[in-house]
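Its first residue numbered 12, the sequence shown is counted upward by one per residue in the numbering used here.
For every residue, glycine included, the Cβ atom is placed at its ideal position computed from N, Cα and C.
Some notes on the structure that comes next.
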Amino acid sequence: VDRLKKFYANLTSYVLVISALALINYATNEWRYMWFLWAAFGWGIGILFHAIGTFDLNPFFGKAWEERKIKELMRDDEELKRWE
12 VDRLKKFYAN LTSYVLVISA LALINYATNE WRYMWFLWAA FGWGIGILFH
62 AIGTFDLNPF FGKAWEERKI KELMRDDEEL KRWE
């Protein structure tokens, strides 16, 4: 629950700050150069990785991989103990 709470706090901060930057950008140059998109893109990548970690969306090292790896390590440990 704590991870989810931190993710939503990060997402809320992202929306508020990027919105404020967009308003400042518009007020200063009326979209001639949309510099706020650089901040939105950079922080957006961070949000993406935060979501992947929070919701266990990692296709390479997810729960299934973790369980397989634990079983493999336990099997290796048992074989090692057998030969000691």
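Exposure of residue i, with buried meaning 16 or more beta-carbon neighbours within 10 Å
{"i": "Phe47", "result": "buried"}
C-alpha distance - residue i paired with residue j, whole-angstrom precision
{"i": "Val26", "j": "Gly55", "result": "10 Å"}
{"i": "Ile68", "j": "Asp88", "result": "Here the sequence assigns Leu to residue 68, which means Ile is not the residue at that position. Straight-line Cα distance between these residues: approximately 29 Å."}
{"i": "Leu84", "j": "Phe71", "result": "18 Å"}
{"i": "Glu90", "j": "Gly57", "result": "42 Å"}
{"i": "Thr23", "j": "Arg86", "result": "45 Å"}
Supposed contact pair residue j and residue i - C-beta distance, whole angstroms, cut 8 Å
{"i": "Ile35", "j": "Ala51", "result": "That belief does not hold up - the Cβ atoms of Ile35 and Ala51 are roughly 13 Å apart, past 8 Å."}
Minimum C-alpha distance to residue i - residue among the options
{"i": "Val12", "options": "Glu90, Ile81, Lys92 and Phe66", "result": "Phe66"}
Open item on the list: Is it the case that the stretch 55 to 72 contacts the stretch 12 to 25, given that we only count it when at least three CB pairs across the two stretches are under 8 Å?
Closed with: yes
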